[in-house]
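Residue numbers (the UniProt record's numbering): 1 to 166.
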Amino acid sequence: MKNANGFTLVELMTALTIIGLLMTVAVPSFTETIKNNRMIAHVNQLAGSLALARSEAIRFGSEATVCVSNDQATCSGANWDAGWMVWVDINNDSILDAGEERQFIAALPNSMTFTSSTATSQFLYSAQGTSASGRLELCDNRTGETGRQVRVSATGRPNTTTFVCP
C-alpha cells in the first residue's frame with residue numbers, strides 16, 4: 001500500500017483556524033504601527049525642510065523661509081496642516097520673486113494636525129543659520145497617544161522628540 005501525501009481535512013481546518021486567530025491579533029497592532037510610521041514620516045519631513053532652509057541660508061548668505069502655504073505659491077495662512085513652503089530669499093526683500101526657487105510640501109492627511117505652541121506661521125533663517133526658536137506638535141486622531149514634535153532652537157537647528165497628545 002502506498003502512503004498518501006498531503007493534509008487531512010481536520011489538519012487543514014485546524015491550520016486555518018490558527019492562522020485566523022493570529023491575524024485577528026496581528027492586524028490591529030500593525031495598523032497602529034502604520035499610523036506611528038506615518039506620523040514619524042511627516043515630522044521628519046518638516047524637520048528636513050527646516051534643516052534645508054538653514055543650510056541654504058548659510059550656503060547662499062541670504063535669508064531662507066519655511067512658511068505655511070495654503071496656495072502653494074505664497075506664504076499664506078496659519079495652519080501648518082495645509083502644507084508648507086521652503087524658499088531662499090536671494091535679494092533679501094522678503095518676497096518670493098520669480099527667480100527664487102521654492103519647494104512645496106503637500107498637506108497632511110485629515111487624521112493629523114500640526115499645532116504651533118508659539119503661534120508662528122513661519123521660520124525665518126538668517127544668513128548665519130539662526131532662527132527664532134519655536135515648537136510644532138503633530139498629533140493624529142488617537143487622543144492621549146504619543147505624538148511627535150519638532151523643536152527649533154535659537155541656533156536654528158531642528159530636532160524631533162515625542163510627547164503625549166492632549
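Virtual Cβ for every residue (Gly too), placed ideally from N, Cα, C.
To the nearest angstrom, how far is the alpha carbon of residue 156 from that of residue 62? Start at 1 with the first residue of the sequence shown, and residue 156 comes out as number 156. Start at 1 with the first residue of the sequence shown, and residue 62 comes out as number 62. Each residue's Cα considered, the two are about 14 Å apart.
Please list the terminal residues of the continuous beta strand (DSSP E) segment that includes residue 148. Within the sequence shown, residue 148 is the residue found at index 148, counting from 1. That run of the beta strand (DSSP E) goes 146 to 152.
Using DSSP with H/G/I as helix, E/B as strand and the rest coil, what is residue 65? Along the sequence shown, one-based indexing puts residue 65 at 65. Strand.
Going along the chain, which unbroken runs of the beta strand (DSSP E) with 3 or more residues stay wholly within the segment 58 to 131? Whole beta strand (DSSP E) segments, 3+ residues: 63 to 68, 84 to 89, 102 to 105, 112 to 116 and 122 to 125.
Looking only at DSSP bridge pairs, what is residue 139 linked to? In the sequence shown, the residue the question calls residue 139 occupies position 139. The partner list for residue 139 (beta bridge, DSSP) reads 113.
Cutting at 7 Å between CB atoms, please list the residues of its own chain near residue 102, excluding the five before and the five after it. Residue numbering aside, residue 102 sits at position 102 when the sequence shown is read from its first letter. Taken in chain order, the residues that qualify are 85, 86, 87 and 96.
If you count every other CB in all the chains shown that lies within 10 Å of the CB of residue 187, and 16 or more means buried, which is it? Since the first residue shown for the chain is 1 and the last is 166, residue 187 is missing from the structure and cannot be characterised.
Report buried or exposed for residue 148, applying the criterion of at least 16 other Cβ atoms within 10 angstroms of its Cβ. Along the sequence shown, read from residue 1 onward, the residue named residue 148 stands at position 148. Result: buried.
Are there 16 or more other CB atoms within 10 angstroms of the CB of residue 57, so buried, or fewer, so exposed? For the purposes of this step, residue 57 is identified with residue 57 of the sequence shown, where counting begins at 1. So residue 57 ends up on the buried side.
Residue 114 beta carbon less than 8 Å from that of residue 80: Along the sequence shown, one-based indexing puts residue 80 at 80. Along the sequence shown, one-based indexing puts residue 114 at 114. Their beta carbons are under 8 Å apart, which means residue 80 touches residue 114 by this criterion.
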